[in-house]
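Data block below; observations after.
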Amino acid sequence: MICNIDFREAMEYHTDSGNDITVIYKRVDDADGHYLLAETLGIDRHGRVVSVGRNIGDSKDASICMEMYIMKRDLLIDIIRGCITTGKFRKVKNAIYNSLEEYRVGAFEYKGYLRCINSLESYYKTSMELLDHNIYRLLFLSNRPIFTKTGDEAPARYLKGSSVKNSIIGNGSLIEGSVENSIIFRKVHVGKGAAIKNSIILQGSIIGEGSKLTNIITDKYTEIAPDKELKGDEEIPLVVEKRRSF
5 MICNIDFREA MEYHTDSGND ITVIYKRVDD ADGHYLLAET LGIDRHGRVV SVGRNIGDSK
65 DASICMEMYI MKRDLLIDII RGCITTGKFR KVKNAIYNSL EEYRVGAFEY KGYLRCINSL
125 ESYYKTSMEL LDHNIYRLLF LSNRPIFTKT GDEAPARYLK GSSVKNSIIG NGSLIEGSVE
185 NSIIFRKVHV GKGAAIKNSI ILQGSIIGEG SKLTNIITDK YTEIAPDKEL KGDEEIPLVV
245 EKRRSF
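Residues 5 to 250 in our numbering are what the sequence shown lists, from first letter to last.
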């Protein structure tokens with residue numbers, strides 16, 4: 005689940021509600037195109053979870069379970085021990101869903117940006133959405149920054165003849181060709197005359213001179229030979245595996 009959430013509001017709701025367990029969810033109106041196979045919640049008028057299902061894309065409206073749960077430590081330990089001793093459940097969430105009548109399980113509605121990445125298609129679609137500045141700002145909030153592993157590099161270099169449109173370019177990259185509607189990770193070399201469009205190029209990849217890439221995902225440290233042309237489908241991109249040469 006991709007989101008930027010302040011758990012303090014959820015904790016306050018959980019404390020005030022008297023729930024044994026609080027599940028965080030988001031009500032969406034685009035479930036037919038996103039969140040496919042994500043878990044959905046049935047919630048009664050009192051805000052209690054009464055059922056759990058699966059989004060199969062047959063309806064636009066759904067309450068998507070974000071797979072985030074708030075409960076006391078002792079209860080969590082009891083649930084884990086129950087999973088171990090009975091062998092019935094391999095995941096804590098499944099034990100919770102099977103005990104909706106035993107525990108008071110409430111639902112807290114999150115209203116910020118949310119996407120679910122559980123397939124190649126959803127990874128590609130969600131990543132490309134971030135090229136829309138309005139969506140980008142919904143995730144990367146100035147008052148709630150996201151901290152991750154640092155990889156300090158010199159700024160990207162754009163040589164004479166290069167062209168970049170509506171793209172995200174990572175530090176340490178060298179751009180000699182053209183990049184459009186794409187995400188370029190750190191230390192990528194785009195050769196002279198190469199053209200990348202609607203693609204995601206991961207760290208350390210080398211795109212040879214004159215190559216044409218459209219709807220492509222290259223994993224880390226891949227190398228595309230000069231004058232190579234690769235094109236994937238708009239919905240299902242072509243993937244070049246890690247450390248492969250093409």
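Glycine included, C-beta positions come from ideal geometry on N, C-alpha and C.
The structure presented is a predicted model; accordingly, all values stated were derived computationally and were not measured.
Residue j beta carbon less than 8 Å from that of residue i
i    : j    : result
Y101 : V32  : no
N8   : I150 : yes
L104 : V54  : yes
S182 : I204 : no
G236 : I210 : no
R108 : G22  : yes
G197 : E184 : no
K224 : K201 : no
R58  : E71  : no
A35  : I6   : no
A111 : V27  : yes
Y39  : Y114 : no
V243 : L124 : yes
L206 : F189 : yes
M15  : I74  : yes
A99  : G86  : yes
K191 : G165 : no
D231 : S215 : yes
D10  : R161 : no
Host beta strand (DSSP E) of residue i (start-end)
i    : result
I139 : No beta strand (DSSP E) holds I139; the alpha helix (DSSP H) holding it covers H137 to L143.
L217 : K216 to T218
Y29  : I25 to V32
L206 : Per DSSP, L206 belongs to no beta strand (DSSP E) and is neither H nor E.
K235 : E233 to K235
V183 : S182 to E184
V244 : L242 to V244
Residues that DSSP places opposite residue i in a beta bridge
i    : result
T44  : G57 and I68
L163 : L163 pairs with nothing; no bridge assigned.
I228 : I211
S249 : E227
K169 : E184
T152 : Per DSSP, none; premise fails for T152.
R52  : G110
Delimiting residues of the alpha helix (DSSP H) encompassing residue i
i    : result
S131 : L124 to E133
E16  : F11 to S21
Closer than 7 Å: residue i CB and nearest the ligand ADP heavy atom
i    : result
H193 : This structure simply doesn't include the ligand ADP, nor any ligand for that matter.
Closer than 8 Å to chain C by CB, residue i
i    : result
R190 : Annotation note: the requested chain C is absent from the structure, which comprises a single protein chain.
Uninterrupted beta strand (DSSP E) stretches inside the segment 74-121 (no shorter than 3 residues): Runs of the beta strand (DSSP E) lying entirely within the segment 74-121 and spanning at least 3 residues, in chain order: 109-113.
Cβ pair count under 8 Å reaching 3, the segment 167-177 against the segment 151-158: The segment 167-177 vs the segment 151-158: in contact.
At least 3 beta-carbon pairs within less than 8 Å: the segment 128-138 vs the segment 9-28: Under the Cβ criterion (8 Å, minimum of three pairs), the segment 128-138 does not count as touching the segment 9-28.
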